[in-house]
Amino acid sequence: MSGSGRKIDERTAPEELLPEIAAQFSVYIGAGLEFNSVFQNAVPDLDINNLDDLLDLHFLLSGQTLDSGQSERPPDVDVGLKDFLWLLPARLRRLRTTTQRQTRVFNGEVQGRIDWQETIKARYRTGNIDDPLFACQLAEETVSIPENLVLWELLSKVLRAYEEVDEMVPEADGIEWFDEWRGDSRLVKNLDEARSNVHLSELDTEREQRDPVPNRTIRDVLESRSSLYAEAAQLLQQYRRLQNHEIDRSEAENLLKRRLFAPATNEEWSEDDAPVFFELYWVFKLLGEYEGSRRNLITKETNCIASWTDGGSKYEFYHDWTGGSEFAFGEAYFDRERNQARPGESRFLGRTADLLAIQEAESTGVFGHRRPKAKTRRPDFTLIRREDGEVKDIAIGEVKYTRNASTAASGLEELYRYMIFARETATVEPPYFTSEPNHFETPGIHGFLCVDEVDQRREPKGNVTVVEVGDTISLPF
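For the sequence shown, the numbering used here begins at 29 and goes up steadily by one.
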């Protein structure tokens, strides 16, 4: 007990666990905290599906917001997107334009200086030299210059990236690190106002018919004396290189390393809690044993956190997953094989089966009432291997952040429950992954109980492994 009467938490602290898997948190974009002190030496994993979406996110997070009164970037602040947008309104007041001379033909009126040579040509084309047509030279102000084309393309790319990332990171997820881009924030407001600028907006319809700004033009604008244009060219060049993967591995790692996140930690977890960070610790530990595994981006809506193919097999790794429409892990009370009942079946089980059957039939038949479905169960992680679409192997994991034997025991009971009731919900025969005579030694199904540290009297029976922090987790298949 501590001096305040609280029991000392002897479980392995998050700060000790996170460095082991820090590199893999490059895919985590859920609610949580930045762990800069933990991640400062991490080399982010780049074996990621949807890498472009992740690079978009980190491009949006590049740079820093400035004080409200700052009109220039401090010398010690590198150019980034957030500070560029922060300074944009004041800089747009110095937007460059140019004057272009254009010749237009008017009927019965004169605007500007008459170009007699073009006037005569216009009249001859009509077949009547006496037509009151006048070709006039007009001087028109235009923003269609290389510098503005670079700026406009950058703003358009940023808007597209923002819309996609905003959709990817749900607002209700409590993700505070994206608040600077939420709603009517200054960054979003400045971006919208720049794109609706009375001069720049002229480029909107024109850009639909033009090719992207040539790289050579971007290099030329990089030399501009205007900070607005030189920085726009720098950021557009950086964004293109990201999207074209024209960066080496170390550059990508450094970009992702700037902002790495992990689920929030809490000193008040009880022995029965299974915090997300501890579940992901074991998920990443097992994933790290598979060469060629590729992670998906992890958000609140994500269940499949990794998928890859290897040697003709397709692997799918799920976290906190109910099984969707294809699998189930909970009890199926009305799925009974009465014709296959074993001789000597206990009278209690037989009577319970009869009771369940008549309760279901009569409550529906007499009152039209259907019982609520059984509780949906979701293992902490599920790994599936398929060949030609058919499930060949499945591994199920239950995680307990504990050093308490009773908590570990309840986790083991839950794991056996998941395993024996795990089944495909499509029309297949047999639907369950385990079978008699010994359910838990059925080939093709394996269970993991992942704990902090708990003494064991012996190894569990069946295809079940208990792993503790510090253990090497063996591949189930």
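Idealized CB from N, CA, C, for every residue including glycine.
Residue burial classification, residue i (beta-carbon count within 10 angstroms, cutoff 16)
| i | result |
| --- | --- |
| glutamine 145 | exposed |
| proline 103 | exposed |
| leucine 411 | buried |
| aspartate 239 | exposed |
| serine 90 | buried |
| glutamate 359 | exposed |
| isoleucine 76 | buried |
| glutamine 266 | buried |
| glutamine 52 | buried |
| glycine 58 | buried |
| arginine 244 | exposed |
| valine 138 | exposed |
| arginine 451 | buried |
| leucine 383 | exposed |
| valine 394 | exposed |
| alanine 167 | exposed |
| alanine 222 | buried |
Opening and closing residue of the beta strand (DSSP E) in which residue i lies
| i | result |
| --- | --- |
| phenylalanine 162 | 161-170 |
| arginine 431 | Taken as a continuous stretch (DSSP letters only), arginine 431 belongs to no beta strand (DSSP E), as it is neither H nor E. |
| isoleucine 76 | No beta strand (DSSP E) contains isoleucine 76, which DSSP labels as neither H nor E. |
| threonine 493 | 492-496 |
Cross-strand partners of residue i (DSSP beta bridge)
| i | result |
| --- | --- |
| glutamine 128 | Glu168 |
| valine 133 | Ala163 |
| lysine 342 | Thr337, Arg414 |
| tyrosine 56 | Ile326 |
| valine 241 | Answer is none; valine 241 lacks a bridge partner. |
| isoleucine 424 | Thr410, Gly475 |
| glutamate 208 | Its beta-bridge partners do not exist; DSSP assigns none. |
| glutamate 452 | Phe355 |
Residue nearest to residue i in terms of C-alpha spacing, selected from the options
| i | options | result |
| --- | --- | --- |
| leucine 228 | Trp180, Ile246, Pro242 | Trp180 |
| aspartate 530 | Tyr429, Val304, Tyr446, Phe449 | With the chain running from 29 to 505 in the structure shown, residue 530 is simply not present. |
| proline 471 | Ile448, Gln484, Phe355, Gln98 | Ile448 |
| glutamate 11 | Val241, Asp143, Gln262 | Only positions 29 to 505 of the chain appear in the structure, and residue 11 is not among them; the question remains open. |
| leucine 314 | Leu89, Asn78, Pro504 | Pro504 |
| isoleucine 275 | Asp80, Val494, Tyr309, Phe312 | Asp80 |
| leucine 161 | Arg151, Gly155, Glu204 | Arg151 |
| glycine 339 | Ser278, Gly490, Tyr318 | Tyr318 |
| serine 353 | Leu187, Glu388, Asn466, Ala454 | Ala454 |
| aspartate 348 | Arg119, Val427, Asn78, Phe87 | Val427 |
| lysine 311 | Phe461, Arg153, Leu477 | Here residue 311 turns out to be valine, not lysine, going by the sequence shown. Of the listed residues, the one whose Cα sits closest to valine 311 is Leu477. |
| arginine 445 | Val107, Glu487, Ser224, Arg406 | Arg406 |
| glycine 475 | Glu481, Gln484, Thr462 | Thr462 |
| phenylalanine 468 | Cys164, Lys489, Val479, Asp483 | Lys489 |
| isoleucine 326 | Glu390, Ile203, Asp232, Glu418 | Ile203 |
| serine 434 | Asp483, Phe409, Asp416 | Asp483 |
| serine 529 | Glu44, Gly417, Pro303, Leu88 | Here the chain covers residues 29 to 505 and nothing more, so residue 529 does not appear. |
Delimiting residues of the alpha helix (DSSP H) encompassing residue i
| i | result |
| --- | --- |
| lysine 110 | 109-120 |
| tryptophan 180 | 174-196 |
| threonine 350 | Segment: none, threonine 350 is in no alpha helix (DSSP H) and carries neither H nor E. |
| phenylalanine 312 | 304-315 |
| isoleucine 473 | Where isoleucine 473 is concerned, there is no enclosing alpha helix (DSSP H), although the beta strand (DSSP E) it sits in stretches over 473-479. |
| aspartate 220 | 214-223 |
| tyrosine 318 | Element bounds for tyrosine 318: n/a, residue is neither H nor E. |
| proline 47 | 42-49 |
| isoleucine 148 | 144-154 |
CB contact below 7 Å: residue i versus chain C
| i | result |
| --- | --- |
| valine 495 | As a matter of chain content, chain C is missing from the structure shown, which is built from one protein chain. |
(message) Would the stretch 334-347 count as touching the stretch 433-446 if we require 3 or more Cβ pairs under 8 Å?
(response) no
(message) Assess contact between the stretch 168-176 and the stretch 119-139, defined as three or more Cβ pairs (one per stretch) separated by less than 8 Å. Is contact present?
(response) yes
(request) Decide yes or no for the touch test of the stretch 110-124 against the stretch 215-223: beta carbon pairs closer than 8 Å, at least 3 of them. (result) Because the criterion of three Cβ pairs below 8 Å is met, the stretch 110-124 and the stretch 215-223 touch.
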